[in-house]
Amino acid sequence: MIKTITILGGRGKANAEEEVRRIDLQMGDVVSIVGPTGSGKTTLINDIELFADGDTPTGRRILINGERPPAVYREDPARNPIALITQHTNFLSDLPVCVFLSTHAHIRSMDGSQVDSLVARTLAFANQLTGEPIIPESRMTELSGGQTRALLIADATIVCDTPIVLLDEVENAGIHRTRALELLRRHRKIFIFVTHDPRIALLSDFRIVMQGGGITKVIHTDAAEHKFAATVSSLDDALSRLRETIRLGGRLGKADFKDLVSFTTEGEAAYQ
Ligand SMILES: Nc1ncnc2c1ncn2[C@@H]1O[C@H](COP(=O)(O)OP(=O)(O)OP(=O)(O)O)[C@@H](O)[C@H]1O
Ligand SMILES: [Mg+2]
Numbered sequence: 672m673i674k675t676i677t678i679l680g681g682r683g684k685a686n687a688e689e690e691v692r693r694i695d696l697q698m699g700d701v702v703s704i705v706g707p708t709g710s711g712k713t714t715l716i717n718d719i720e721l722f723a724d725g726d727t728p729t730g731r732r733i734l735i736n737g738e739r740p741p742a743v744y745r746e747d748p749a750r751n752p753i754a755l756i757t758q759h760t761n762f763l764s765d766l767p768v769c770v771f772l773s774t775h776a777h778i779r780s781m782d783g784s785q786v787d788s789l790v791a792r793t794l795a796f797a798n799q800l801t802g803e804p805i806i807p808e809s810r811m812t813e814l815s816g817g818q819t820r821a822l823l824i825a826d827a828t829i830v831c832d833t834p835i836v837l838l839d840e841v842e843n844a845g846i847h848r849t850r851a852l853e854l855l856r857r858h859r860k861i862f863i864f865v866t867h868d869p870r871i872a873l874l875s876d877f878r879i880v881m882q883g884g885g886i887t888k889v890i891h892t893d894a895a896e897h898k899f900a901a902t903v904s905s906l907d908d909a910l911s912r913l914r915e916t917i918r919l920g921g922r923l924g925k926a927d928f929k930d931l932v933s934f935t936t937e938g939e940a941a942y943q
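What the sequence shown shows, in my numbering, is residues 672 to 943, in sequence order.
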């Protein structure tokens, strides 16, 4: 049973020691990794996925339950406790979605009796995150960016059912982020998101801050930020509505402006 993952600090890009020397993640934690482009976020989650043991360019080490992870995690894909959804998802497979999922479910589920229910639950999960539902007969290569992301998140959470899920930049894909976080929190796992999105960062338990290839800080979301998160989410939704109006050839008016201004006062009120 996995209870904790530990990241032991290594070196940043300039070869200087990383400021944060140790981070412990507990089962159930939702964690963000934030930092400018090129600051080493993807590199950090790759270290976790590889169970780095001082053998990657960063020199970091990853412990599971306080110890070096057993070799079987690296050697047997079916026993690997980590699912990674990368920044670039290009499918090589043009199988229909339902065939892809059931093949994967067959590999993962021991006796095969669970396959149909796993596939149905995975599709239902994915479709809660997308605007346009995924049709089980469509080919994997035909899915939109958002549908692909949603399907991979659902697949990692339900079919793989690994205790640790790593997601590199979920926000570009146009999926319902607040709902994704809500749904994911119902599953007791360690979720680590690389994100540029304040909404995801504020809904996390804490955020790991990267700069120049190294971890510089760990910030726990405090009560004020938690409160503020709801305002940020509504503001983000309001901006999405504006985007949608423009996308559909509409014009913005006074009501849209008022809608946006109301969030400034609401945000201020959260800090009173
Ligand atoms: N600790 C490190 N030591 C040496 N090289 C590093 C280190 N961290 C990152 N790098 C290198 O820096 C480059 C950028 O890192 P990375 O791709 O992880 O950034 P990122 O934060 O994910 O950027 P983006 O937001 O654009 O996805 C990569 O070539 C990576 O190999
Ligand atoms: Mg990256």
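Beta carbons: idealized from backbone N, C-alpha and C, even for Gly.
What do you reckon, is the C-beta of residue 712 under 6 Å from a heavy atom of ligand 2? Numbered from 1 along the sequence shown, position 41 holds the residue referred to as residue 712. Relative to ligand 2, the nearest heavy atom lies less than 6 Å away from the CB of residue 712.
Leaving out the 5 sequence neighbours to the left and right, which residues in its chain are closer than 8 Å to residue 766 when beta-carbon positions are compared? Along the sequence shown, read from residue 1 onward, the residue named residue 766 stands at position 95. Close CB contacts of residue 766 within its chain, under the 8 Å cut and outside five residues either way in sequence, are with 774, 810 and 811 (chain order).
In the DSSP assignment, what are the bridge partners of residue 878? Taking the sequence shown and counting its residues from 1, the one referred to as residue 878 is at position 207. According to DSSP, residue 878 bridges with 703 and 890.
Hey, residue 744 and residue 736: beta-carbon distance below 7 Å or not? As a first step, residue 744 must be located in the sequence shown, where it is residue number 73. As a first step, residue 736 must be located in the sequence shown, where it is residue number 65. Not closer than 7 Å, so no.
For ligand 2, any of its heavy atoms closer than 6 Å to the Cβ of residue 758? Indexing the sequence shown from 1 puts residue 758 at position 87. Under cutoff, so the answer is yes.
So, at 7 Å on beta carbons, what are the nonlocal neighbours of residue 883 in its own chain, with the 5 sequence-adjacent residues on each side left out? Locating residue 883 in the sequence shown gives position 212, where the first residue counts as 1. Setting aside the 5 residues that flank it on each side, residue 883 is surrounded in the same chain by 683, 684, 685 and 710, each with a C-beta closer than 7 Å to its C-beta; the list follows chain order.
Note down, in chain order, each residue of its chain lying with its Cβ closer than 6 Å to the Cβ of residue 754, except the 5 sequence neighbours on either side. Residue mapping note: residue 754 aligns to position 83 of the sequence shown, counting from 1. The answer, listed in chain order, is 827, 831, 833 and 836.
Confirm the yes/no value for this check: CB of residue 925, any heavy atom of ligand 1, distance under 6 Å. Taking the sequence shown and counting its residues from 1, one reaches residue 925 at position 254. Flag unset: Cβ of residue 925 not near ligand 1.
Once DSSP output is grouped into helix, strand and coil, what is the label at residue 885? Numbered from 1 along the sequence shown, position 214 holds the residue referred to as residue 885. Three-state result, residue 885: strand.
Keeping to the same chain, check which residues put their C-beta closer than 6 Å to that of residue 695; ignore five residues upstream and five downstream. Numbered from 1 along the sequence shown, position 24 holds the residue referred to as residue 695. The beta carbon of residue 695 is closer than 6 Å to those of 675 and 677 in its chain, skipping five residues each way along the sequence.
Can you tell me whether residue 749 is helix, strand or coil according to DSSP? Working through the sequence shown from its first residue, we reach residue 749 at position 78. Residue state, collapsed to three classes: helix.
Got a sec? Which residues, its chain only, sit under 7 Å from residue 739 by beta carbon, not counting five neighbours each side? Indexing the sequence shown from 1 puts residue 739 at position 68. Only 724 meet the Cβ criterion.
I'd like to know if the stretch 781 to 799 and the stretch 866 to 883 are in contact, where contact means that at least 3 CB-CB pairs between them fall below 8 Å. Touching, no, given that fewer than three Cβ pairs across the two stretches are closer than 8 Å.
Reducing DSSP to helix, strand and coil, say where residue 690 ends up. By one-based count along the sequence shown, residue 690 stands at place 19. DSSP places residue 690 in coil when its eight states are reduced to three.
What are the residues that DSSP puts in a beta bridge with residue 738? Looking up residue 738 in the sequence shown gives position 67. Answer is 735.
Supposed close pair residue 704, residue 716 - CB separation, criterion 8 Å: Start at 1 with the first residue of the sequence shown, and residue 704 comes out as number 33. Start at 1 with the first residue of the sequence shown, and residue 716 comes out as number 45. Between residue 716 and residue 704 the Cβ distance is about 7 Å, and since that is below 8 Å, they are a contact.
Cβ-heavy atom distance, residue 727 to ligand 1, below 6 Å: Counting from one through the sequence shown, the residue named residue 727 turns up at place 56. Answer for residue 727: no, Cβ out of range of ligand 1.
Could you name the residues of the same chain whose beta carbon sits closer than 7 Å to that of residue 931, not counting the 5 residues immediately before and after it, in chain order? For the purposes of this step, residue 931 is taken as the residue at position 260 of the sequence shown. Within the same chain, residue 931 has close Cβ partners 909.
Determine the burial state of residue 731: buried for a count of at least 16 other Cβ atoms within 10 Å of its Cβ, exposed for fewer. Here residue 731 refers to the residue found at position 60 of the sequence shown. Classification for residue 731: buried.
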